[in-house]
Amino acid sequence: MLTFEEAIFRLKNEDVVVVPTETVYGLAGSIRSNNAIKKIFRLKNRPFFNPLIVHIAKINDLSKIAKNIPEKAWKLANFFFPGPLTLVLEKKSESISNLITSGSKKVAVRMPNHKITLKLINKLGCPIAAPSANPYNYLSPTSSENVKKFIPELENAILDGGECVLGIESTVLAFNEKNVELLRHGGISIEAIESVLNEKLIINISNIRKKDSPGMVNKHYSPKSKLIICQDIYKAISLYPNNNIGILSFNKRLSIPVIKKEIVLSESGDIFEATKNFFSSLYILDSLNLDIILVKKFQNHGLGLALNDRLLRASSRLLT
Ligand code: TXA
Ligand code: MG
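Numbers given in the working numbering equal positions in the sequence shown, counted from 1, plus 8.
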């Protein structure tokens, strides 16, 4: 583990630091250091075509990184920052390298809601670029332990900030001339964004698989146990008679004897508690060498939409 001063020292010296946020842990480097940014891609085994989110510590720093910022973006930033919302804006090329944006003229920006990381960015005096701190195509980590387990090289580069309070990545939005587009479901619901904007979002979620490079496909996928999304758990169990089965359930414990391990996300049916426990529970289930993990879909609104999206990605290996 690192002290705050050691983390600043590493960032100033073009190295990477694992930082806590309210969503998931990030693997960060200074936006001014191409060496650090390259190291992020290498450690994650992430293809260079998948751009990184820039993290700022003050709303006004948006205009240091982006230009021609739409009114609607300012409105959303003023309402939701700091928080789990990422805005894709026209980048200021002099501040943001093509490495960070994968050659795009747009940059993704967010202001994380975590005291330590905000202080870190302020002290460094420069924003940090950070993807989630997991190997490419594995589950996002919501604790420092889960970062270490899968990227051991980072053991001595972690600034520990406890368990992530939200537990799912930020919602990503982009802007065209007329509309606001949802690029990724996340911690801020569609309903909350639409009510601030007083208009409907255009849903434009891309399938990153299309662009995936063949070399990445058989490496480190996830979860390692096969994740199956089903409507009826009992029926699904009967379809896999000789398998070691685990269950991830929202609020009901089924206690079926043939099940090796069952994790209930929130006994009281609280979607926030369930979201907080979601990735860490999948990490536990995936460590048990199960053949399959069965899970029922969540409600299709609010945070449930984001959880369903991550389930789909985990079951079809589309995680970033
Ligand atoms: O909550 C979060 O967003 C976490 C924490 C660490 O901040 N970060 C995170 O980063 O989830 P990552 O790299 O795992 O996912 C970033 C997402 C990807 O879907 C990426 O394609 C999209 O943001 N993105 C980044 N830059 C973009 C850009 N310039 N244009 C469009 N999409 C972009
Ligand atoms: Mg990710």
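All C-beta atoms, glycine included, are put in the ideal place defined by N, C-alpha and C.
(request) Kindly confirm or deny that the segment 27-45 and the segment 168-182 touch, where touching means at least three C-beta pairs closer than 8 Å. (result) yes
(request) Closer than 7 Å by C-beta to residue 327: which residues in its own chain qualify, once you throw out the five before and the five after it? Chain order, please. (result) Here residue 327 corresponds to residue number 319 of the sequence shown, with the count starting at 1. Here the set comprises 145, 146, 147, 230, 321.
(request) Under 8 Å by Cβ, that's how I've got residue 24 and residue 61 pegged, so tell me the actual separation to the nearest angstrom. (result) Translated into positions along the sequence shown, residue 24 becomes position 16. Translated into positions along the sequence shown, residue 61 becomes position 53. Not quite, the Cβ-Cβ distance comes to about 15 Å (not below 8 Å), so this is no contact.
(message) I'd like to know if the segment 192-201 and the segment 300-313 are in contact, where contact means that at least 3 CB-CB pairs between them fall below 8 Å.
(response) yes
(request) For residue 211, count neighbouring Cβ atoms within 10 angstroms of its own Cβ and tell me buried if that reaches 16, exposed if not. (result) Translated into the one-based positions of the sequence shown, residue 211 becomes position 203. By the neighbour-count rule (16 or more Cβ atoms within 10 Å), residue 211 is not buried but exposed.
(request) Out of 150, 39, 178, point me to the one whose CA is closest to residue 135's CA. (result) The residue labelled residue 135 in the question sits at position 127 within the sequence shown. The residue with the shortest Cα to Cα distance from residue 135 is 39.
(request) Indicate the three-state DSSP secondary structure (helix, strand or coil) for residue 38 in the structure shown. (result) Working through the sequence shown from its first residue, we reach residue 38 at position 30. Here residue 38 sits in strand by DSSP.
(message) Quick test of the definition: if touching needs 3 or more C-beta pairs under 8 Å, does the segment 122-135 touch the segment 203-210?
(response) no
(request) Between the Cα of residue 154 and those of 161, 165, 142, 261, spot the shortest distance and give me the residue it belongs to. (result) As a position in the sequence shown, residue 154 is number 146, starting the count at 1. The residue with the shortest Cα to Cα distance from residue 154 is 142.
(request) Taking only the alpha-carbon atoms, compute the straight-line gap between residue 274 and residue 282 and give it to the nearest angstrom. (result) For this step, residue 274 is matched to residue 266 along the sequence shown. For this step, residue 282 is matched to residue 274 along the sequence shown. Going by the C-alpha atoms only, they are around 5 Å apart.
(message) In whole angstroms, give me the CA-to-CA distance for residue 204 and residue 92.
(response) On the sequence shown, position 196 is the one that residue 204 refers to. On the sequence shown, position 84 is the one that residue 92 refers to. Near 15 Å, if we compare the C-alpha coordinates of residue 92 and residue 204.
(request) Quick one: using the 10 Å Cβ neighbour count with 16 as the cut-off for buried, is residue 246 buried or exposed? (result) Within the sequence shown, residue 246 is the residue found at index 238, counting from 1. Exposed, by the Cβ-count rule.
(request) Thinking residue 52 and residue 70 are a contact (beta carbons under 8 Å), I'd like their distance in whole angstroms, please. (result) Numbered from 1 along the sequence shown, position 44 holds the residue referred to as residue 52. Numbered from 1 along the sequence shown, position 62 holds the residue referred to as residue 70. Going by Cβ atoms, the distance from residue 52 to residue 70 rounds to 26 Å, so no, they are not a contact pair.
(request) Please report how far the alpha carbon of residue 116 lies from the alpha carbon of residue 255, in whole angstroms. (result) As a working mapping, residue 116 is identified with position 108 in the sequence shown. As a working mapping, residue 255 is identified with position 247 in the sequence shown. If you take the alpha carbons of residue 116 and residue 255, they lie about 35 Å apart.
(message) Within a Cβ cutoff of 7 Å, which residues of the same chain sit near residue 89, ignoring the five residues on either side of it in sequence?
(response) Residue numbering aside, residue 89 sits at position 81 when the sequence shown is read from its first letter. Taken in chain order, the residues that qualify are 67, 119.
(message) Going by DSSP, what residue range makes up the beta strand (DSSP E) through residue 304?
(response) Sequence index remark: in the sequence shown, residue 304 carries index 296 (1-based). Looking at the DSSP string, the run of the beta strand (DSSP E) that includes residue 304 is 300-304.
(request) Kindly identify the DSSP beta-bridge partner or partners of residue 118. (result) Walking along the sequence shown from the start, residue 118 turns up at place 110. Partner(s): 63.
(message) Quick check on residue 156: buried or exposed, where buried means 16 or more other Cβ atoms within 10 Å of its Cβ?
(response) In the sequence shown, the residue the question calls residue 156 occupies position 148. The residue is buried, with at least 16 neighbouring Cβ atoms inside 10 Å.
(request) Using beta-carbon positions only, say whether residue 182 and residue 63 come within less than 7 Å of one another. (result) Translated into positions along the sequence shown, residue 182 becomes position 174. Translated into positions along the sequence shown, residue 63 becomes position 55. Taking 7 Å as the Cβ cut-off, residue 182 and residue 63 do not qualify as a contacting pair.
(request) Considering only heavy atoms of the ligand MG, list every residue whose Cβ is less than 5 Å from one of them, following chain order. (result) 140, 328
(request) For the beta strand (DSSP E) holding residue 254, just list the boundary residues, first then last. (result) For the purposes of this step, residue 254 is taken as the residue at position 246 of the sequence shown. Unbroken beta strand (DSSP E) run through residue 254: 253-257.
(request) For residue 242, count neighbouring Cβ atoms within 10 angstroms of its own Cβ and tell me buried if that reaches 16, exposed if not. (result) Indexing the sequence shown from 1 puts residue 242 at position 234. Exposed, by the Cβ-count rule.
(request) Answer yes or no: the CB of residue 177 versus the heavy atoms of the ligand NAD, is any distance below 6 Å? (result) As presented, the structure is devoid of the ligand NAD, carrying the ligand TXA and the ligand MG as its sole ligands.
(request) With a floor of 3 residues, list each beta strand (DSSP E) that falls wholly inside the segment 69-145, ordered by position along the chain. (result) 93-99, 114-118, 136-138
(request) Provide the residue span of the alpha helix (DSSP H) that contains residue 313, from first to last. (result) As a working note, residue 313 is residue 305 in the sequence shown. Unbroken alpha helix (DSSP H) run through residue 313: 311-324.
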